[in-house]
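Before any comments, here is the structure.
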Amino acid sequence: MDIYQSTVDYLLTFPIFESWQEMRTILERAASLRPHDWQLPVIACQAVGQSMEKAIPTCAALACAQISIILVDDMLDDDPRGEYRRIGSGRASNFAIAFQSAGMDALLGSRASSQVRLAALDSLNRLMLTTAYGQELDIQNPIEETSYWRVVEHKSAPFYGYAIQLGALFAEAGENVTNNLEQLGRLYGEMIQIHDDLNDTMALPANPDWLQKRKPLPILFALTVEHPDQARFIELYENISVEDALQEAQQILIRCGALSYCVDQLIRRHEMAQEILNKTPLANKSQVDSLLEAVMRPVWKLFETLDISPNVLSRKPSAPSQV
Amino acid sequence: MSTMKGFYASISSASRLHGSYLEALSEITRINRQQAKALQSDLAWQEWGQQNRETMMNSE
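In order, the protein sequences belong to chains A and B. In terms of the numbering used here, the first sequence is residues 461 to 783. In terms of the numbering used here, the second sequence is residues -2 to 57.
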């Protein structure tokens, strides 16, 4: 069964996609990219021992929510690749509203019980509401770590937490299992955000985060912590378009421990997620386990490159942490 | 205490703790940019969306 085709087929049964050709076009193109996140409800549903088919309405709801978020995110970030550049902010906003509502429709129109549909609607509504608040916090460009983690808690974690929760709800997993899976999804979302920040800061040429003076996690570390290269880093950060400034700044990020800090944060979240997984009674843990392993693979790859034994993880101190 | 400042203090003194977790993380501070590429991944939040931005409706 192809989750993406099934998701599209399911949504196309709703009349709005019949009468509004451009919505259909957006949906089909998004599905053709096979976004991994659309699989999250299925992973939760199968972990509980239910069939993939049962989760399709939740995949559809999540797909619509993600399209809606991206349409708005582009406008907030002033992203030159955004759809709003082609059709204008007004129409892009209107599409975002349409997809948000189509997501609700996908849940309401399912064959699940009234109780399940109500709980799922609540979940999807919280996903959208919390993410919108997180986006608002994010555009204020947090300048210290408490604010940074607050943005992550609202912007990145809820999407993944509620995505997994939706699948668990449709699988009728029970309150305890559903809550545990949601917590696990939140940790997963935080790990995805750390990866996003690592990618953005280490990319060549300079990512918009550098050019727009934003502060993803490694940059925030290098700006905040007192290290021998701090003054030089600030100078480079302020003039990142100067030739070779980016390469030097990236080398400082490595040298000052910013990347190490990100790795530490990934490892600690992975450990917490594993603890949750271990205590959650699931019929099939392997897919959830694979999900977590995939997000740690770059770390293990680096450890292997440096000939670091994974045994060191058992000698990890309990560090001051906000996780 | 700031987790960042606490972490920096910990790895700065990690060379005394041979074979420890902190020493391993301290070792990462000595890699070059090429080696750091191992940490880059396709796992980023909205990664698909970045591709999507370029292809979602641009068929005309």
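Backbone N, C-alpha and C fix where the C-beta goes; we use that ideal spot for every residue, glycine too.
Measure the C-alpha to C-alpha separation of glycine 3 of chain B and glycine 542 of chain A and round it to an integer number of angstroms.
Straight-line Cα distance between these residues: approximately 39 Å.
Can you tell me which of the three DSSP states cysteine 414 of chain A falls into?
Missing from the structure shown is residue 414 of chain A; chain A here goes from 461 to 783 and no further.
Quick check on alanine 33 of chain B - is its C-beta less than 7 Å from some C-beta in chain A?
Chain A contact via Cβ: present.
Taking 6 Å as the limit between beta carbons, can you name the residues of its chain near alanine 504 of chain A, skipping five residues before and five after?
Same-chain partners within the cutoff: Ile624, Gly627, Ala628 and Leu641.
Taking 8 Å as the cut-off, does the region 630 to 640 of chain A touch the region 587 to 599 of chain A (at least 3 CB pairs, one atom from each stretch)?
No, the region 587 to 599 of chain A does not touch the region 630 to 640 of chain A.
Between the region 578 to 588 of chain A and the region 550 to 567 of chain A, are three or more C-beta pairs nearer than 8 Å?
A contact exists between the region 578 to 588 of chain A and the region 550 to 567 of chain A.
Express the C-alpha separation of glutamine 37 of chain B and leucine 658 of chain A in angstroms, rounding to a whole number.
Approximately 7 Å between the Cα atoms of the pair.
Going by other Cβ atoms of all chains shown within 10 Å of its Cβ, with 16 needed for buried, is tryptophan 45 of chain B buried or exposed?
Residue confidence for tryptophan 45 of chain B is low, a pLDDT of 48 falling below 50, so the modelled location carries little weight; the figure read from the coordinates is stated next. It counts as buried.
Mind pulling the chain A residues with CB within less than 8 Å of serine 10 of chain B?
Within 8 Å Cβ-Cβ: nothing; serine 10 of chain B doesn't reach chain A, min ~12 Å.
What does histidine 687 of chain A reach in chain B if we use C-beta pairs closer than 8 Å?
Simply Tyr5.
If you measure between the beta carbons of serine 607 of chain A and glutamine 653 of chain A, is that distance less than 7 Å?
In this structure, glutamine 653 of chain A does not lie closer than 7 Å to serine 607 of chain A by Cβ.
Where asparagine 771 of chain A and lysine 761 of chain A are concerned, what is the direct C-alpha to C-alpha distance, given to the nearest angstrom?
C-alpha separation (whole angstroms): 15 Å.
Can you find the residues in the same chain that come closer than 6 Å, C-beta to C-beta, to alanine 580 of chain A, ignoring five residues on each side of it along the sequence?
Once the five neighbours on either side are set aside, the close Cβ partners of alanine 580 of chain A are Leu567, Leu626 and Leu629.
Quick one: give me the first and last residue of the alpha helix (DSSP H) that arginine 27 of chain B is part of.
Here arginine 27 of chain B belongs to no alpha helix (DSSP H), and DSSP marks it neither H nor E.
Would you identify the three-state DSSP class for glutamate 650 of chain A, choosing helix, strand or coil?
The answer is helix: DSSP assigns glutamate 650 of chain A an H, G or I state.
So, at 7 Å on beta carbons, what are the nonlocal neighbours of tyrosine 544 of chain A in its own chain, with the 5 sequence-adjacent residues on each side left out?
For tyrosine 544 of chain A, where only same-chain residues beyond five positions count, the Cβ hits under 7 Å are Asp534, Met535 and Ala552.
Does the beta carbon of methionine 662 of chain A sit closer than 7 Å to a beta carbon anywhere in chain C?
In summary, chain C is missing from the structure at hand, where the protein chains are A and B.
Any chance you could list the alpha helix (DSSP H) runs of at least 4 consecutive residues sitting entirely within the region 544 to 605 of chain A, in chain order?
DSSP runs (the alpha helix (DSSP H)) wholly in the region 544 to 605 of chain A: 544 to 547, 549 to 568 and 574 to 599.
In terms of alpha-carbon separation, which member of A/Leu680, A/Ile603, A/Ala558 and A/Tyr620 lies closest to glutamine 499 of chain A?
Ranking A/Leu680, A/Ile603, A/Ala558 and A/Tyr620 by Cα distance to glutamine 499 of chain A puts A/Tyr620 first.
Nearest CA to the CA of alanine 491 of chain A: which residue from A/Leu531, A/Cys524 and A/Arg674?
Checked all of A/Leu531, A/Cys524 and A/Arg674; the closest Cα to alanine 491 of chain A is A/Cys524.
Under three-state DSSP, which class holds asparagine 659 of chain A?
Asparagine 659 of chain A falls in the helix class under three-state DSSP.
So, is the C-beta of aspartate 582 of chain A closer than 7 Å to a C-beta in chain B?
It does not; no Cβ of chain B falls within 7 Å.
Expressed to the nearest angstrom, what Euclidean distance is found between the alpha-carbon atoms of phenylalanine 477 of chain A and glutamine 747 of chain A?
C-alpha separation (whole angstroms): 32 Å.
Short of 8 Å in beta carbon distance, which residues of its chain neighbour methionine 483 of chain A, apart from the five on each side in sequence? Order them along the chain.
Contacts found: Ile476, Phe477, Phe555, Ala558, Phe559 and Ala562.
Report the neighbours of arginine 715 of chain A on chain B: residues whose CB is nearer than 7 Å to its CB, in chain order.
Here the neighbours are Thr26.
Please classify arginine 729 of chain A: is it buried, with 16 or more other beta-carbons within 10 angstroms of its beta-carbon, or exposed?
By the neighbour-count rule (16 or more Cβ atoms within 10 Å), arginine 729 of chain A is buried.
For the region 714 to 727 of chain A against the region 737 to 744 of chain A, are there 3 or more C-beta pairs whose distance is under 8 Å?
Contact fails: fewer than three Cβ-Cβ distances are below 8 Å.
Mind pulling the chain B residues with CB within less than 8 Å of valine 772 of chain A?
Here the neighbours are Gly16, Ser17, Tyr18, Glu20 and Ala21.
Determine whether the beta carbon atoms of leucine 677 of chain A and alanine 733 of chain A lie at a separation below 7 Å.
For leucine 677 of chain A and alanine 733 of chain A, no; Cβs fall outside 7 Å.
Give a yes or no on whether the C-beta atoms belonging to isoleucine 727 of chain A and alanine 21 of chain B are separated by under 7 Å.
Contact: no.
Mind checking if isoleucine 768 of chain A is an interface residue toward chain B, Cβ cutoff 7 Å exclusive?
Yes, contact with chain B.
Within 7 Å (strictly less), CB to CB, does histidine 655 of chain A reach chain B?
Interface residue, yes.
What's the C-alpha gap between threonine 26 of chain B and isoleucine 714 of chain A?
So the alpha carbons of these two residues sit roughly 5 Å apart.
If alanine 631 of chain A and lysine 514 of chain A are in contact, beta carbons under 8 Å, what's the gap, nearest whole angstrom?
Right, the Cβ-Cβ distance comes to about 6 Å (below 8 Å), so this counts as a contact.
Kindly indicate which three-state DSSP category serine 607 of chain A falls into: helix, strand or coil?
Serine 607 of chain A: helix per DSSP, three-state reduction.
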